[in-house]
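Going by our numbering, the sequence shown wraps up at 773, each residue one higher than the last. One structure below.
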Amino acid sequence: MKTAKDARQSQSIVEKDRENVWHHISQYNDKKQPVVVTEGKGAWITDYAGNKYLDGMSGLWCVNVGYGREELARAAYEQMQQMAYTSMTQSHVPGIELAEKLNELLDDDYMIFYSNSGSDANEVAFKIARQYHQQNGEPARHKFISRYRAYHGGSLGALSATGQALRKYKYEPLTSGFLHVSPPDNYRRPAGVSVKEYNLQRAQELEDKIVWEQAETVAGVIMEPLITGGGILIPDRVYVEKVQEICKKHGVLLIIDEVICGFGRTGKMFGHQHFDIKPDMVTMAKGLTSAYLPLSVTAVRKDIYKTFEDNGENSHFRHVNTFGGNPAACALALKNIEIMERENLVGRSAVLGERLQQELAELADHPFVGDVRGLGFLMGIEMVEDKNTKKPASPDRVNKIISDCKASGLIIGKNGDTVAGYNNILAICPPLSCTDEDLAFIISVVKKVFKENAS
Ligand code: PMP
Numbered sequence: 319m320k321t322a323k324d325a326r327q328s329q330s331i332v333e334k335d336r337e338n339v340w341h342h343i344s345q346y347n348d349k350k351q352p353v354v355v356t357e358g359k360g361a362w363i364t365d366y367a368g369n370k371y372l373d374g375m376s377g378l379w380c381v382n383v384g385y386g387r388e389e390l391a392r393a394a395y396e397q398m399q400q401m402a403y404t405s406m407t408q409s410h411v412p413g414i415e416l417a418e419k420l421n422e423l424l425d426d427d428y429m430i431f432y433s434n435s436g437s438d439a440n441e442v443a444f445k446i447a448r449q450y451h452q453q454n455g456e457p458a459r460h461k462f463i464s465r466y467r468a469y470h471g472g473s474l475g476a477l478s479a480t481g482q483a484l485r486k487y488k489y490e491p492l493t494s495g496f497l498h499v500s501p502p503d504n505y506r507r508p509a510g511v512s513v514k515e516y517n518l519q520r521a522q523e524l525e526d527k528i529v530w531e532q533a534e535t536v537a538g539v540i541m542e543p544l545i546t547g548g549g550i551l552i553p554d555r556v557y558v559e560k561v562q563e564i565c566k567k568h569g570v571l572l573i574i575d576e577v578i579c580g581f582g583r584t585g586k587m588f589g590h591q592h593f594d595i596k597p598d599m600v601t602m603a604k605g606l607t608s609a610y611l612p613l614s615v616t617a618v619r620k621d622i623y624k625t626f627e628d629n630g631e632n633s634h635f636r637h638v639n640t641f642g643g644n645p646a647a648c649a650l651a652l653k654n655i656e657i658m659e660r661e662n663l664v665g666r667s668a669v670l671g672e673r674l675q676q677e678l679a680e681l682a683d684h685p686f687v688g689d690v691r692g693l694g695f696l697m698g699i700e701m702v703e704d705k706n707t708k709k710p711a712s713p714d715r716v717n718k719i720i721s722d723c724k725a726s727g728l729i730i731g732k733n734g735d736t737v738a739g740y741n742n743i744l745a746i747c748p749p750l751s752c753t754d755e756d757l758a759f760i761i762s763v764v765k766k767v768f769k770e771n772a773s
């Protein structure tokens with residue numbers, strides 16, 4: 319008689335996957351065929367069936383140095399052998415060296431707090447901000463303002479900061495005290511308003527919100543240097559710099575989420591370095607280890623840290639997590655940054671990104687392309703049904719481009735905000751280590767697929 323064990327043994331890996339693994343963003347009996355990825359080298363991945371794809375999304379915008387880096391595996395291996403674990407209630411050499419290195423890259427004086435994921439890093443930033451204000455004599459400051467369309471994570475606090483309703487509404491009630499304002503979306507700004515004027519209006523919307531909420535209740539503003547997952551929305555520099563000015567004026571901390579933009583993605587080591595700002599906190603994850611191991615960071619300005627001094631009250635930051643700052647992950651992150659510097663991947667991101675944008679700029683003439691935009695190796699193509707009305711392209715039209723690219727061996731992404739109807743923005747975000755041939759491949763596939771889908 320066949321046992322359940324026998325039945326399991328005769329299953330293919332894909333069947334086992336269907337039986338046992340609940341994929342992220344999926345449902346029961348999902349019609350999508352699971353893709354079991356078995357290998358990664360450079361910018362390319364191979365699935366179980368032997369299909370090869372250029373990963374034009376670097377996984378989830380994270381494998382910045384590309385796949386298959388033996389040096390990274392070795393750095394983790396050696397650290398695991400030397401000393402596999404100590405919690406960050408104590409310390410260890412790679413954690414110290416990485417913190418020092420991050421300060422050098424940030425070009426400022428921060429304390430580095432380690433966690434595991436981008437969501438964690440943002441949660442830590444919220445908790446530090448609230449406690450900072452309490453200890454600084456302003457206990458009423460507890461609210462956070464972020465932007466609609468932004469994504470800041472899946473845990474309840476980070477999800478509260480997220481500005482995409484579809485990701486949130488089934489999990490209500492979320493954490494109270496999180497408010498949203500509109501981001502600059504330059505492509506969709508009102509006719510007759512200059513980019514600069516429009517960006518100043520969006521910054522004014524933020525200031526109005528702070529004032530209406532009563533500034534003395536607002537703890538922080540969290541934003542990405544440019545909105546990534548919400549549709550590659552690149553602000554004018556006047557916006558970002560004005561936001562910092564407004565935060566300072568009202569005693570509100572500015573938290574910059576570098577989870578995607580960090581580590582070279584936008585052509586600078588950190589996205590906020592395109593602007594003349596000094597954030598109070600910076601959160602990072604993904605590209606920090608190129609996702610070879612989980613690790614994230616909340617970098618906190620020293621003057622904030624100083625309010626956590628023992629003043630007779632309990633001033634500990636009462637937050638601990640088991641895996642944050644894992645020594646092997648820190649050793650790997652140091653090696654990851656070393657590779658980026660040695661191969662000048664940040665400079666390469668700027669140069670290749672520029673080339674990609676120049677090449678794809680010609681898509682602007684395509685009947686279903688409204689806007690082509692990008693910064694560094696982070697590119698967005700906004701698809702529309704009608705160039706004049708800018709009506710977002712239908713899901714079928716957008717998905718067809720994605721599946722045709724995949725059929726030609728190129729993975730690209732889609733993002734935006736479904737509720738607002740803006741799930742119409744394609745993302746291209748390949749490893750920064752792409753070769754010239756890889757880049758030529760991306761350009762030729764995207765151009766070919768758009769050409770074939772022009773009616
Ligand atoms: N912030 C941003 C900007 C992100 O894009 C993400 C994840 N895509 C997060 C935070 C959350 O990171 P994680 O998935 O590692 O929790």
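Ideal Cβ placement from N, Cα and C applies to all residues, glycine included.
Glu-680 is the residue among Ala-738, Lys-708, Glu-680 whose C-alpha sits nearest the C-alpha of Ile-761. When DSSP states are grouped into helix, strand and coil, Lys-419 belongs to the helix group. Listed in chain order, the alpha helix (DSSP H) runs fully inside the region 538-618 are 555-567, counting runs of at least 4 residues. Listed in chain order, the beta strand (DSSP E) runs fully inside the region 458-487 are 461-465, counting runs of at least 3 residues. Per DSSP, Phe-759 lies in no beta strand (DSSP E) segment; the continuous alpha helix (DSSP H) that holds it begins and ends at 754-770. Between Glu-677 and Arg-691, the gap from beta carbon to beta carbon reaches 9 Å or more. For Lys-604, the number of other beta carbons within 10 angstroms of its own is at least 16, and it is reported as buried. Given a length threshold of 3 residues, each whole run of the beta strand (DSSP E) inside the region 675-737 is given here in chain order: 687-692, 697-701, 731-735. Cα atoms of Val-536 and Leu-497: separation of roughly 10 Å, rounded to the nearest angstrom. At least one heavy atom of the ligand PMP is found less than 8 Å from the C-beta of Glu-542. Residue nearest to Lys-486 within the set Leu-650, Phe-431, Gly-472, Gly-495 is Gly-472 (criterion: CA-CA distance).
Distances taken from the Cβ of Trp-379 to the heavy atoms of the ligand PMP include one shorter than 8 Å. Of the other Cβ atoms in all chains shown, 16 or more fall within 10 Å of the Cβ of Thr-607; this residue is therefore buried. For Gly-436, the enclosing alpha helix (DSSP H) covers residues 436-453. A straight-line Cα-Cα distance of about 22 Å links Lys-349 and Ile-363. One thing to note: Tyr-466 has its Cβ no nearer than 9 Å to the Cβ of Pro-491. Residue burial annotation: Asn-338 is exposed, with fewer than 16 other C-beta atoms found within 10 angstroms of its C-beta. Distances taken from the Cβ of Ala-647 to the heavy atoms of the ligand PMP include none shorter than 8 Å. With a beta-carbon spacing of about 6 Å, Val-499 and Ile-463 fall inside the 8 Å limit used to define contacts.
Distance check between Pro-597 and each of Leu-652, Glu-389, Met-541, Ala-738 places Met-541 closest, using alpha-carbon atoms only. Beta-carbon to beta-carbon, Ile-414 and Thr-616 are separated by about 17 Å, too far to satisfy the 8 Å threshold. Contact between Val-570 and Asn-517 does not hold, since the beta-carbon distance rounds to 19 Å and is not under 8 Å. For Glu-357, the pairing in a beta bridge is given by DSSP as Thr-364.
In the three-state reduction of the DSSP assignment, Ser-376 falls in the helix class, which pools H, G and I. By the neighbour-count criterion, in which a residue is buried when 16 or more other Cβ atoms sit within 10 angstroms of its Cβ, His-634 is exposed. Closest option to Val-383, judged by alpha-carbon separation, among Asp-722, Pro-710, Leu-652, Phe-768: Leu-652. The Cβ atoms of Ser-433 and Ser-712 do not sit closer than 9 Å to each other.
By the neighbour-count criterion, in which a residue is buried when 16 or more other Cβ atoms sit within 10 angstroms of its Cβ, Asn-717 is exposed. Proximity of the beta carbon of Ala-651 to the ligand PMP is not indicated: no heavy atom of the ligand is located closer than 8 Å. In the DSSP assignment, Val-499 falls within the unbroken beta strand (DSSP E) covering 496-499. DSSP places Ser-433 in the strand class (E or B) of the three-state scheme. For Ile-528, there is no enclosing beta strand (DSSP E); the enclosing alpha helix (DSSP H) has its first and last residue at 513-531. Looking at the DSSP output, Ala-391 bridges to nothing. Each residue's CA atom was taken as its position, placing Glu-703 and Lys-732 some 16 Å apart. According to DSSP, Ile-743 shares a beta bridge with Glu-700, Asn-733. Note on geometry: alpha-carbon atoms of Pro-612 and Thr-707 lie some 43 Å from one another.
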